[in-house]
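Those protein sequence lines, which keep their order, are chains A and B.
Using the working numbering, the first residue of the first sequence is number 5, and each one after it goes up by one.
Using the working numbering, the first residue of the second sequence is number 5, and each one after it goes up by one.
Beta carbons are placed, not taken as given, at the ideal position from N, Cα and C, and that holds for glycine.
First comes the structure, then the notes that go with it.
Number of protein chains: 2
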Amino acid sequence: MINPHFSTKERILSAAEDLFAKSGFAGASLRQVTSAANVNLAAVNYHFGSKENLINELFKRRLDDLTAARMAALDKVRSSRQATLEQVLEAFVQPALSLASERGGSSFVRLLARAFAEHDQRLRRFVSDNYGHVLKEFAKVIAQLLPNLPKDALYWRLDFVSGALTYAMSDFGMIKKPAGVTDEQHRRTAAEHFVRFAAAGLRAP
Amino acid sequence: MINPHFSTKERILSAAEDLFAKSGFAGASLRQVTSAANVNLAAVNYHFGSKENLINELFKRRLDDLTAARMAALDKVRSSRQATLEQVLEAFVQPALSLASERGGSSFVRLLARAFAEHDQRLRRFVSDNYGHVLKEFAKVIAQLLPNLPKDALYWRLDFVSGALTYAMSDFGMIKKPAGVTDEQHRRTAAEHFVRFAAAGLRAP
DNA sequence: CTAGCCTTCGAACGCCCGTTTGAAGCGTTC
DNA sequence: GAACGCTTCAAACGGGCGTTCGAAGGCTAG
Numbered sequence: 005m006i007n008p009h010f011s012t013k014e015r016i017l018s019a020a021e022d023l024f025a026k027s028g029f030a031g032a033s034l035r036q037v038t039s040a041a042n043v044n045l046a047a048v049n050y051h052f053g054s055k056e057n058l059i060n061e062l063f064k065r066r067l068d069d070l071t072a073a074r075m076a077a078l079d080k081v082r083s084s085r086q087a088t089l090e091q092v093l094e095a096f097v098q099p100a101l102s103l104a105s106e107r108g109g110s111s112f113v114r115l116l117a118r119a120f121a122e123h124d125q126r127l128r129r130f131v132s133d134n135y136g137h138v139l140k141e142f143a144k145v146i147a148q149l150l151p152n153l154p155k156d157a158l159y160w161r162l163d164f165v166s167g168a169l170t171y172a173m174s175d176f177g178m179i180k181k182p183a184g185v186t187d188e189q190h191r192r193t194a195a196e197h198f199v200r201f202a203a204a205g206l207r208a209p
Numbered sequence: 005m006i007n008p009h010f011s012t013k014e015r016i017l018s019a020a021e022d023l024f025a026k027s028g029f030a031g032a033s034l035r036q037v038t039s040a041a042n043v044n045l046a047a048v049n050y051h052f053g054s055k056e057n058l059i060n061e062l063f064k065r066r067l068d069d070l071t072a073a074r075m076a077a078l079d080k081v082r083s084s085r086q087a088t089l090e091q092v093l094e095a096f097v098q099p100a101l102s103l104a105s106e107r108g109g110s111s112f113v114r115l116l117a118r119a120f121a122e123h124d125q126r127l128r129r130f131v132s133d134n135y136g137h138v139l140k141e142f143a144k145v146i147a148q149l150l151p152n153l154p155k156d157a158l159y160w161r162l163d164f165v166s167g168a169l170t171y172a173m174s175d176f177g178m179i180k181k182p183a184g185v186t187d188e189q190h191r192r193t194a195a196e197h198f199v200r201f202a203a204a205g206l207r208a209p
């Protein structure tokens, strides 16, 4: 399960990502994590200090890359002469898609959905600090592309878009990957459907 | 906090709803629940048998009403001569809105979102058994209203719609109720925005 | 009044939790 | 090869967990 070639720290992070995604932060114990990682129990507190800090490191590791990739994609779209709503949405989704394709990335995506479901203030603060400003940047660009849309309507619709994406990427819904389709293709299809749906929703009369 | 006029069973259910919504099923203990309910610890196992069964009863209590109300609203729309997509979506949202306005209902809505985030198979099975067939009925009606939309696109979009609703109703997003607006008005506004957004998304070219 | 039943109660059960500790291992540096 | 850091280890800590138990309480029917 866990590759023995990686360092203790990395093995813990990987195992924790899987187990927390599966059972929740309170539901998965450090004993389960260290056992899956083939690592001594005390290693968590040695390398991360506490369970809570391990969770934070888990998010930091992935979110730093994700937010950077999203900002880069947004800047690219922004600098093009005639950006479309679809391109902006694509810039938002594509990096998340790449993340989900990484080793363990799909677990992390579900973890992210969990972080939203947890109303725990400490965790929400942490996620929004590392994540919030990117959403604001996207909101600004989208607002420019929909100049006739009142601000309150825009914010509502952006919430709906976030929800739709979170939900779909976490495999909550009834959509199941058909047999004979690679994960990659499945995600590509999901992204295409999402961009069409979200763009139309944002443009609603 | 907990009304002493209600029965032990009801006090436990109310307190459990609040605490599980706030801290998660694994995160809130029966000792916290019974303490908040002003009830002896052993009462949970006496009245419900186990923590897991308490959780099931929690969902049953609300979902039975919700699904019945949704089916009734759908039948009403169905029987009208010329049903619109907006009316069908309204029939889906309105009962959830009423539920959220009930005493403790807003906690339950967040609990429902948690149930989706938990990938726990037992809980998912239970929720989908009590919840799934209603979604299928709505899907059928919506499919008739969008005869040119391929089936796979329809299912993707319905997933997006579910996600948008779940997310928005659980207060995950950045939308905050403005001061001086009642909960009732806030939810009414949310529903209007949602129906417009979802209808447009479903009708996307 | 009393017998019976449903409910509540305090106390305890065994178990697992996150964290800490001090010793053991081990490669690097003088 | 001794001394030093960094890492791993087994073991234990106090505490909270879900659940169980037998006694006590309190209501109703005879």
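request  = Report the residue from A:99, A:74, A:56, A:91 whose alpha carbon sits nearest the alpha carbon of residue 119 (chain A).
outcome  = Numbered from 1 along the first sequence, position 115 holds the residue referred to as residue 119 (chain A). Checked all of A:99, A:74, A:56, A:91; the closest Cα to residue 119 (chain A) is A:56.
Under 8 Å between C-beta atoms of residue 164 (chain A) and residue 63 (chain A) = Against the first sequence, residue 164 (chain A) aligns to sequence position 160. Against the first sequence, residue 63 (chain A) aligns to sequence position 59. Cβ distance not < 8 Å, so residue 164 (chain A) and residue 63 (chain A) don't count as in contact.
key: Contacts of residue 170 (chain B) in chain A (Cβ-Cβ under 7 Å)   = Along the second sequence, read from residue 1 onward, the residue named residue 170 (chain B) stands at position 166. Correct list: 167, 171.
task = Express the C-alpha separation of residue 83 (chain A) and residue 110 (chain B) in angstroms, rounding to a whole number.
result = Residue 110 (chain B) sits at position 106 when you count from the first residue of the second sequence. Residue 83 (chain A) sits at position 79 when you count from the first residue of the first sequence. Taking the straight line from one Cα to the other gives about 43 Å.
ask   = Any beta-carbon of chain B closer than 8 Å to the one on residue 40 (chain A)?
value = Position 36 of the first sequence holds residue 40 (chain A). It does not: the Cβ of residue 40 (chain A) has no partner Cβ on chain B nearer than 8 Å.
key: Residue range of the alpha helix (DSSP H) that includes residue 91 (chain A)   = Against the first sequence, residue 91 (chain A) aligns to sequence position 87. That run of the alpha helix (DSSP H) goes 89-105.
task = Apply the 10 Å Cβ neighbour rule to residue 114 (chain A) and answer buried if 16 or more other Cβ atoms are within range, or exposed otherwise.
result = Counting from 1 along the first sequence, the entry for residue 114 (chain A) is found at position 110. Flag for residue 114 (chain A) reads buried.
query = For residue 204 (chain B) versus residue 19 (chain A), is the C-beta spacing smaller than 8 Å?
reply = Position 200 of the second sequence holds residue 204 (chain B). Position 15 of the first sequence holds residue 19 (chain A). No, these two residues do not count as a Cβ contact at 8 Å.
inquiry  = So for residue 53 (chain B), helix, strand or coil by DSSP?
reply    = On the second sequence, residue 53 (chain B) is found 49 positions in, with the first residue counted as 1. Coil, per DSSP.
ask   = Measuring CA to CA, which of B:94, B:17, B:159 is closest to residue 39 (chain B)?
value = Residue 39 (chain B) sits at position 35 when you count from the first residue of the second sequence. Per the Cα distances, B:17.
message = Let's test the definition: count the other Cβ atoms within 10 Å of the Cβ of residue 166 (chain A) and tell me whether it reaches 16, buried, or not, exposed.
response = Within the first sequence, the letter at position 162 stands for residue 166 (chain A). By the neighbour-count rule (16 or more Cβ atoms within 10 Å), residue 166 (chain A) is buried.
ask   = At which residues does the alpha helix (DSSP H) containing residue 128 (chain A) begin and terminate?
value = Here residue 128 (chain A) corresponds to residue number 124 of the first sequence, with the count starting at 1. Residue 128 (chain A) -> alpha helix (DSSP H) spans 125-149.
request  = Would you check if there are 3 or more beta carbon pairs closer than 8 Å linking the segment 93-109 of chain B to the segment 193-202 of chain B?
outcome  = yes
key: Under 7 Å from the C-beta of residue 200 (chain B): neighbouring residues of chain A   = Translated into the one-based positions of the second sequence, residue 200 (chain B) becomes position 196. Within 7 Å Cβ-Cβ: 208.
ask   = Which same chain residues, not among the five before or five after residue 81 (chain A), have their C-beta less than 6 Å away from its C-beta?
value = Position 77 of the first sequence, counted from the start, is the residue given in the question as residue 81 (chain A). 87, 91, 92, 95, listed in sequence order.
query = In three-state terms, what does DSSP make of residue 208 (chain A)?
reply = Residue numbering aside, residue 208 (chain A) sits at position 204 when the first sequence is read from its first letter. It is coil, neither helix nor strand.
message = I need the boundaries of the alpha helix (DSSP H) containing residue 14 (chain B), first residue and last residue.
response = Translated into positions along the second sequence, residue 14 (chain B) becomes position 10. Taken as a continuous stretch (DSSP letters only), the alpha helix (DSSP H) holding residue 14 (chain B) covers 12-27.
task = Could you pull the start and end residues of the alpha helix (DSSP H) that residue 36 (chain A) belongs to?
result = Taking the first sequence and counting its residues from 1, one reaches residue 36 (chain A) at position 32. Residues 34-41.
key: Euclidean distance between Cα positions of residue 41 (chain B) and residue 15 (chain B)   = On the second sequence, position 37 is the one that residue 41 (chain B) refers to. On the second sequence, position 11 is the one that residue 15 (chain B) refers to. For residue 41 (chain B) and residue 15 (chain B), the distance between alpha carbons rounds to 5 Å.
Candidates B:142, B:184, B:138: closest to residue 72 (chain B) by CA position = For the purposes of this step, residue 72 (chain B) is identified with residue 68 of the second sequence, where counting begins at 1. It is B:138 whose Cα lies nearest to the Cα of residue 72 (chain B).
request  = Output the distance between the C-alpha atoms of residue 134 (chain A) and residue 199 (chain B), rounded to the nearest integer angstrom.
outcome  = Locating residue 134 (chain A) in the first sequence gives position 130, counting from the first residue. Locating residue 199 (chain B) in the second sequence gives position 195, counting from the first residue. If you take the alpha carbons of residue 134 (chain A) and residue 199 (chain B), they lie about 31 Å apart.
query = Secondary structure at residue 189 (chain B), three-state DSSP: helix, strand or coil?
reply = Locating residue 189 (chain B) in the second sequence gives position 185, where the first residue counts as 1. Residue 189 (chain B) falls in the helix class under three-state DSSP.
Check whether residue 105 (chain A) and residue 22 (chain A) have beta carbons under 8 Å apart = Translated into positions along the first sequence, residue 105 (chain A) becomes position 101. Translated into positions along the first sequence, residue 22 (chain A) becomes position 18. Contact: no.
ask   = With 8 Å set as the bound, which would you pick, yes or no: does the beta-carbon of residue 163 (chain B) sit closer than that to a beta-carbon of chain A?
value = The residue labelled residue 163 (chain B) in the question sits at position 159 within the second sequence. It does: the Cβ of residue 163 (chain B) has a partner Cβ on chain A nearer than 8 Å.
message = If you reduce the DSSP assignment to three classes, tell me which class residue 183 (chain A) lands in.
response = Taking the first residue of the first sequence as 1, we reach residue 183 (chain A) at position 179. Here residue 183 (chain A) sits in coil by DSSP.
Simplified DSSP assignment, three categories, for residue 114 (chain A) = In the first sequence, residue 114 (chain A) corresponds to position 110, counting from 1. Three-state result, residue 114 (chain A): helix.
C-alpha gap between residue 61 (chain B) and residue 128 (chain A), whole angstroms = Position 57 of the second sequence, counted from the first residue, corresponds to residue 61 (chain B). Position 124 of the first sequence, counted from the first residue, corresponds to residue 128 (chain A). Those two C-alpha atoms are separated by around 29 Å.
Alpha carbon of residue 65 (chain B) to alpha carbon of residue 9 (chain A), nearest angstrom = Walking along the second sequence from the start, residue 65 (chain B) turns up at place 61. Walking along the first sequence from the start, residue 9 (chain A) turns up at place 5. Taking the straight line from one Cα to the other gives about 50 Å.
Chain-ordered residues of the segment 11-31 of chain B with a beta carbon less than 7 Å from chain A = 26, 28, 30, 31
inquiry  = With a threshold of 6 Å on Cβ separation, who are the neighbours of residue 206 (chain A) within its own chain once the five nearest residues in sequence on each side are excluded?
reply    = The sequence position of residue 206 (chain A) within the first sequence is 202, counting from 1. If we look at residue 206 (chain A) and ignore the five residues flanking it on each side, its Cβ neighbours are 161.
task = Using 10 angstroms around the beta-carbon of residue 74 (chain A), count the other beta-carbons present and answer buried if the total reaches 16, otherwise exposed.
result = The residue you call residue 74 (chain A) lines up with position 70 of the first sequence. By the 10 Å Cβ count, residue 74 (chain A) comes out buried.
query = Who are the neighbours of residue 194 (chain A) on chain B, taking C-beta pairs under 8 Å?
reply = Residue 194 (chain A) sits at position 190 when you count from the first residue of the first sequence. Those are 160, listed as they occur along chain B.
query = Just to confirm, are residue 168 (chain A) and residue 202 (chain A) a CB contact at a threshold of 8 Å?
reply = In the first sequence, the residue the question calls residue 168 (chain A) occupies position 164. In the first sequence, the residue the question calls residue 202 (chain A) occupies position 198. Contact: yes.
task = On a CA-only basis, which of B:121, B:34, B:148 is nearest residue 174 (chain A)? Give me that one, please.
result = Position 170 of the first sequence, counted from the first residue, corresponds to residue 174 (chain A). That would be B:121, whose Cα lies nearest to the Cα of residue 174 (chain A).
request  = Tell me, to the nearest whole angstrom, how far the beta carbon of residue 78 (chain A) is from that of residue 142 (chain A); I am working on the premise that it is less than 8 Å.
outcome  = In the first sequence, the residue the question calls residue 78 (chain A) occupies position 74. In the first sequence, the residue the question calls residue 142 (chain A) occupies position 138. That belief holds up - the Cβ atoms of residue 78 (chain A) and residue 142 (chain A) are roughly 6 Å apart, short of 8 Å.
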